[in-house]
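As they're listed, the protein sequences go chains B and L. With our numbering applied, the first sequence has no gaps in its numbers, which climb one by one up to 413 at the end. With our numbering applied, the second sequence has no gaps in its numbers, which climb one by one up to 548 at the end. For every residue, glycine included, the Cβ atom is placed at its ideal position computed from N, Cα and C. Working notes, beginning with the structure itself.
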Amino acid sequence: MISNSAVRHTKLFMLAAATVGTLSVTTGVQTSFAQAAKPPFVVGFTDVLSGPNAGLGTPLLAGAKAYFDSVNARGGVHGRKIDLRVIDSQADATRVATSIQDLQGAGAVAIMGLTISGNVEAAAPIANRAKVSLFSGGTSAKLLNPFQPYLFSSDITTASEGQMQIDFVRKHLFPNKNDLKVALYYNQTAGVIAYVEILKDLMKQQQPGWRVVADEVVPLNVTDAGVAVAKMLSAQPDVVIMGAVDPVAILAVRAMVAQGSKIPAVNFHGGNAERTMLVNNYPGYYAIRQYPTTQDSNAGRGYAEMIAAMKSVGIYDGLITSYNAITGYNTALQITAILNKCGENCNSESLQKTTHGIGQIDTGGITFKPVVYSPTRHQGVDTGRFYRANNGKLEAVGDMYSAAWGKP
Amino acid sequence: MTSGLWIQILVQTLIYTSMYALFGLGYVLIYRASRVFNFAIAEMGLFCVLLFTTCYASFGLGWAVVLTTAGSLGLGAALYLGIFSRLVGQEEWSQMIVSFALSIALLAICGLIWGTGIRHIDVPGKSDTLFQIPQAVTLTVTDVVLVVMGFAVWAILSWATTMSRLGVYMRATAENPLLAAQQGLPVTLIICTAWGVGALVSAVASISYGIRLQVDPSMILLGLVAVPAALLGGLDSVFGKLPGAIILGAAQATATAFLGSAAGDVVAFAVLLLVLLVLPHGLFGSKQVRRV
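Put into structure tokens, the structure is as follows:
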């Protein structure tokens, strides 16, 4: 037999439970509405996504999306999701200019992309006028020296790489030789030619004993390098310093090996794809990387997360198939870190100020050292390491080298 | 100049010749049959090489060859039936502009289907050495296959287009489609065949390049570099493609040796201009052909 009192208590308990439940559901809904009501941070992306050069921008975008998707899956930044707005620049300077304006008009707190240095030159003055920070992996040395107030290089610059190539040759390959015969082998593109001019200047200033004995400028559509390499080797250089992108570097190294050359070739980042190094398996071919390889087992937690993300977006087939994909991922990581510090009400102007005050950004091992921005430094990544293939394995060679380019 | 450098010039000439001859044959076959200068030939090659990578990854080499051959023939025929057969009778320049638009569309379609990333074709043994002169030249299986294929395809098509009945039909169709049809020739089938074979040879060139290096959208630039070879030999001459390609390849390789790599393309187009000033229809082109 159940007493009236027990029934009353049970009714009260049920009423209380229902009230608590309703309240908690209501509160939860209110919280969700509050969160949903928060507008997203708009981040702009513009780069070449169609045409013959689409292979530059598309992986950059895939890498950025992979990172921002993971941020949004965790709830966004300060409860605000990141809305990545994308415009195809088609590598056209006029379109680049209008895309910066359009993205600024859409409320972008920051814009990323632009792997072609000529396009960055078109975009930088517009970004300055619009007061929206542009994080680019294709920033030319000219725009960083002195640097533009709203332009940040989210990647290493070729000017820094030139310094690192000289340091590597001097310290690691020929520590006891001051009178080197140097051959230059590089692509016939505006950005690479500008980098080689800086490289030549640095060599003149720092290594007066070095002599350029061969200077080969190679078109991008080259299908065989035998003649150019034979001509270069006939000058009997001690070392080849390269500014060659992957397919051009593959052909050149293949020709060097075929012609029995044993001299070292030291390339910039454009020829650092893991497959490029592995395909010829020539231990005398060194390429600078600002990111560890997929064979570096202790690269760090952030690197492992990146590999997982790359797999999910199809840019991994045992090796990461595009250097630009890592740059896209790393740039997205940098912008997210800056937004985190900038706060919930961050806008494009406060984001620029925050970038100046951000100090170090921990990439979890994606870069060799933390990314650094300050009022006197707009190049985020400044450290690289040379790798080579040896018996089918990639190995780091020598020390890390650091060189930030540009001044206020 | 060392003997090693001359050997390099010879080898590079052979490789360039083969590549240019294959793309050049793509241009000329289609032009001979339909009087369309097809700017989309390299993009058709890109489409086919991407199809090859997919088939190779899924079904292996044998099926990839079969399916890509079928796909190339089908692509060429479909483009003619779907687009260019509707432009018959139009001015040549308008058809050329349509082919230019097609090149842009095909490139975008390739990007939508396969993405724009770099792909590699890892055929077993592709880097094995087949021929070597120590300290000078190493020719891999891929290099030799490319050169042999270029010369073989040229020889077969030269015979087929001049000596075989199909070749005569093709020329008759190109010169006067109405008359050819009245004579009972299957005009549409003949032109479709030419477009299909044109796509197939561009596929062979693109796959060879892809196996040697990599597959990515920038490889369409090769098609543009092959245009001088197509014009040099004569736009309607299949036979002329090899001599044209040899002259161009040799000029480029020699210019690279004496003037530097950057001079190669400049010299190629300079040779083309010089030849066309003297022989407006190219070395082996028919005089009836109007320049486009």
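Q. Using a C-beta cutoff of 8 Å, does aspartate 97 of chain B count as contacting chain L?
A. The residue labelled residue 97 of chain B in the question sits at position 92 within the first sequence. Residue-level contact check: aspartate 97 of chain B does not touch chain L, since none of the beta carbons of chain L fall below 8 Å from its beta carbon.
Q) Excluding sequence positions up to five away, which residues of its chain have a Cβ less than 8 Å from the Cβ of valine 443 of chain L? A) Against the second sequence, residue 443 of chain L aligns to sequence position 187. Cβ within range, chain order: Thr429, Pro433, Ala436, Ala437.
Q | Runs of beta strand (DSSP E) wholly within the stretch 138-225 of chain B (minimum 3 residues, chain order) | A | Within the stretch 138-225 of chain B, the complete beta strand (DSSP E) runs of at least 3 residues fall at 138-141, 156-158, 186-192, 216-223.
Q.
Measuring straight from C-alpha to C-alpha, what distance separates isoleucine 255 of chain B and proline 484 of chain L?
A. One-based indexing of the first sequence puts residue 255 of chain B at position 250. One-based indexing of the second sequence puts residue 484 of chain L at position 228. One C-alpha to the other measures close to 26 Å.
Q) Beta-carbon of proline 413 of chain B versus every beta-carbon of chain L: anything under 8 Å? A) Here residue 413 of chain B refers to the residue found at position 408 of the first sequence. With a threshold of 8 Å between beta carbons, proline 413 of chain B makes no contact with chain L.
Q.
For lysine 236 of chain B and aspartate 220 of chain B, what's the separation of their Cα atoms in angstroms?
A. For the purposes of this step, residue 236 of chain B is taken as residue 231 along the first sequence, with counting starting at 1. For the purposes of this step, residue 220 of chain B is taken as residue 215 along the first sequence, with counting starting at 1. C-alpha separation (whole angstroms): 10 Å.
Q) My guess is that phenylalanine 279 of chain L and glycine 479 of chain L are in contact by the Cβ rule of under 8 Å, so how many angstroms apart are they, rounded? A) As a working mapping, residue 279 of chain L is identified with position 23 in the second sequence. As a working mapping, residue 479 of chain L is identified with position 223 in the second sequence. That belief holds up - the Cβ atoms of phenylalanine 279 of chain L and glycine 479 of chain L are roughly 6 Å apart, short of 8 Å.
Q | Residue closest to serine 414 of chain L, alpha-carbon to alpha-carbon, out of L:Tyr312, L:Val522, L:Phe495, L:Leu515 | A | Within the second sequence, numbered from 1, the residue matching residue 414 of chain L stands at position 158. Considering only alpha carbons, the answer is L:Phe495.
(Q) Just list the residues that DSSP pairs methionine 117 of chain B with in beta bridges. (A) Indexing the first sequence from 1 puts residue 117 of chain B at position 112. DSSP output for methionine 117 of chain B lists B:Phe50, B:Phe140 as bridge partner(s).
Q: For chain L, find out if any of its Cβ atoms is closer than 8 Å to the Cβ of glutamate 279 of chain B; answer yes or no.
A: For the purposes of this step, residue 279 of chain B is taken as residue 274 along the first sequence, with counting starting at 1. Closer than 8 Å: no.
Q. Does the Cβ of asparagine 277 of chain B have 16 or more other Cβ atoms within 10 Å, making it buried, or fewer, making it exposed?
A. Walking along the first sequence from the start, residue 277 of chain B turns up at place 272. A residue is called buried when at least 16 other Cβ atoms come within 10 angstroms of its Cβ; asparagine 277 of chain B meets this threshold and is buried.
Q) Which residues, in order along the stretch 469-491 of chain L, keep a beta-carbon less than 7 Å from a beta-carbon of chain B? A) Answer set for the stretch 469-491 of chain L: Leu469, Gln470, Asp472, Pro473, Ser474, Ile476, Leu477, Leu478, Val481.
Q: Establish whether the CB of valine 222 of chain B and some CB of chain L are separated by less than 8 Å.
A: Position 217 of the first sequence, counted from the start, is the residue given in the question as residue 222 of chain B. Yes, valine 222 of chain B lies at the interface with chain L (some Cβ there is under 8 Å from its Cβ).
Q) Out of curiosity, what's the CA-to-CA distance linking aspartate 521 of chain L and valine 481 of chain L? A) Here residue 521 of chain L refers to the residue found at position 265 when the second sequence is read from its first residue. Here residue 481 of chain L refers to the residue found at position 225 when the second sequence is read from its first residue. C-alpha separation (whole angstroms): 8 Å.
Q: Return the residue from the list B:Gly60, B:Val48, B:Asp52 that minimises the CA-CA distance to glycine 275 of chain B.
A: In the first sequence, residue 275 of chain B corresponds to position 270, counting from 1. Among B:Gly60, B:Val48, B:Asp52, the Cα nearest to that of glycine 275 of chain B belongs to B:Gly60.
Q: Using a threshold of 8 Å, state whether the C-beta atoms of alanine 414 of chain B and valine 91 of chain B are closer than that.
A: A query on residue 414 of chain B cannot be resolved here, the shown segment of chain B reaching from 6 to 413 and no further.
Q.
Count Cβ pairs between the stretch 73-92 of chain B and the stretch 140-160 of chain B that sit closer than 8 Å; are there 3 or more?
A. No, they do not touch.
Q.
By the DSSP assignment, the alpha helix (DSSP H) with aspartate 399 of chain L in it spans what residues?
A. On the second sequence, residue 399 of chain L is found 143 positions in, with the first residue counted as 1. 397-418 is the span of the alpha helix (DSSP H), which, as asked, contains aspartate 399 of chain L.
Q) Which term fits isoleucine 502 of chain L, buried or exposed, when burial requires 16 or more other beta carbons within 10 angstroms of its beta carbon? A) Your numbering for residue 502 of chain L matches position 246 in the second sequence. Buried, since its Cβ has 16 or more Cβ neighbours within 10 Å.
Q | Which of helix, strand or coil DSSP assigns to alanine 91 of chain B | A | In the first sequence, counting from the first residue as 1, residue 91 of chain B sits at position 86. As written in the sequence, residue 91 of chain B is valine, which differs from the alanine given in the question. Of the three classes helix, strand and coil, the one that applies to valine 91 of chain B here is strand, per DSSP.
Q | Partners in chain L for lysine 264 of chain B, counting only beta-carbon separations shorter than 9 Å | A | For this step, residue 264 of chain B is matched to residue 259 along the first sequence. In the sequence as presented, lysine is not what sits at residue 264 of chain B; that position holds glutamine. Result: Gly260, Gln264, Gln391, Ala392, Val393, Thr394.
Q) Is there at least one Cβ from chain L nearer than 8 Å to glutamine 365 of chain B's Cβ? A) Counting from 1 along the first sequence, the entry for residue 365 of chain B is found at position 360. No, its Cβ sits nowhere closer than 8 Å to a Cβ of chain L.
**Q.** Length of the line joining the Cα atoms of serine 407 of chain B and leucine 185 of chain B
**A.** As a working note, residue 407 of chain B is residue 402 in the first sequence. As a working note, residue 185 of chain B is residue 180 in the first sequence. So the alpha carbons of these two residues sit roughly 23 Å apart.
Q: Taking isoleucine 271 of chain L as the query, report the chain B residues whose CB atoms sit under 7 Å from its CB, ordered along the chain.
A: Numbered from its first residue, the second sequence carries residue 271 of chain L at position 15. Chain-ordered, the chain B residues with CB closer than 7 Å to the CB of isoleucine 271 of chain L read Thr228, Asp229.
Q) So glutamate 349 of chain B is in the beta strand (DSSP E); what residue range does that whole segment cover? A) As a position in the first sequence, residue 349 of chain B is number 344, starting the count at 1. Where glutamate 349 of chain B is concerned, there is no enclosing beta strand (DSSP E), given that its DSSP letter is neither H nor E.
Q. Which two residues bound the contiguous beta strand (DSSP E) that contains glutamate 400 of chain B?
A. In the first sequence, the residue the question calls residue 400 of chain B occupies position 395. Per DSSP, glutamate 400 of chain B belongs to the beta strand (DSSP E) from 398-407.
Q. DSSP three-state call for lysine 412 of chain B: helix, strand or coil?
A. Along the first sequence, one-based indexing puts residue 412 of chain B at 407. In this structure, lysine 412 of chain B counts as coil in the three-state DSSP scheme.
Q: Please determine if the stretch 167-183 of chain B and the stretch 238-245 of chain B are in contact, where contact requires at least 3 C-beta pairs separated by less than 8 Å.
A: The stretch 167-183 of chain B makes contact with the stretch 238-245 of chain B, as at least three CB pairs between them are under 8 Å.
Q.
Pull the bridge partners of methionine 247 of chain B from the DSSP assignment, please.
A. Position 242 of the first sequence, counted from the start, is the residue given in the question as residue 247 of chain B. For methionine 247 of chain B, the pairing in a beta bridge is given by DSSP as B:Tyr190, B:Asn272.
Q: Mind listing the chain L neighbours of isoleucine 255 of chain B? Cutoff is C-beta to C-beta under 7 Å, in chain order.
A: Sequence index remark: in the first sequence, residue 255 of chain B carries index 250 (1-based). For isoleucine 255 of chain B, the chain L residues whose C-beta falls within less than 7 Å of its own C-beta are Leu469, listed in chain order.
Q.
Please tell me whether, using a cut-off of 7 Å, the distance from the CB of leucine 529 of chain L to the nearest non-hydrogen atom of the ligand NAD is below it.
A. The ligand content of the structure shown is nil, which means the ligand NAD is not present either.
Q. Using a C-beta cutoff of 8 Å, does valine 217 of chain B count as contacting chain L?
A. Position 212 of the first sequence, counted from the first residue, corresponds to residue 217 of chain B. No, valine 217 of chain B does not count as interfacial toward chain L.
Q | Unbroken alpha helix (DSSP H) run spanning glutamine 438 of chain L, endpoints | A | Indexing the second sequence from 1 puts residue 438 of chain L at position 182. 433-438 is the extent of the alpha helix (DSSP H) around glutamine 438 of chain L.
Q) What does valine 82 of chain B pair with, by DSSP beta-bridge criteria? A) Walking along the first sequence from the start, residue 82 of chain B turns up at place 77. Residue pairing by DSSP places valine 82 of chain B opposite B:Arg85 in a beta bridge.
Q) Closer than 8 Å, CB to CB, is tyrosine 283 of chain L near chain B or not? A) Stepping through the second sequence from its first residue, residue 283 of chain L is reached at position 27. Contact of tyrosine 283 of chain L with chain B is not assigned, every C-beta pair being separated by 8 Å or more.
Q.
Please report whether the beta-carbon of threonine 326 of chain B lies at a distance below 8 Å from any beta-carbon of chain L.
A. As a first step, residue 326 of chain B is located in the first sequence; it is residue number 321 there, counting from the start. Proximity of threonine 326 of chain B to chain L, defined by a Cβ-Cβ separation below 8 Å, is satisfied.
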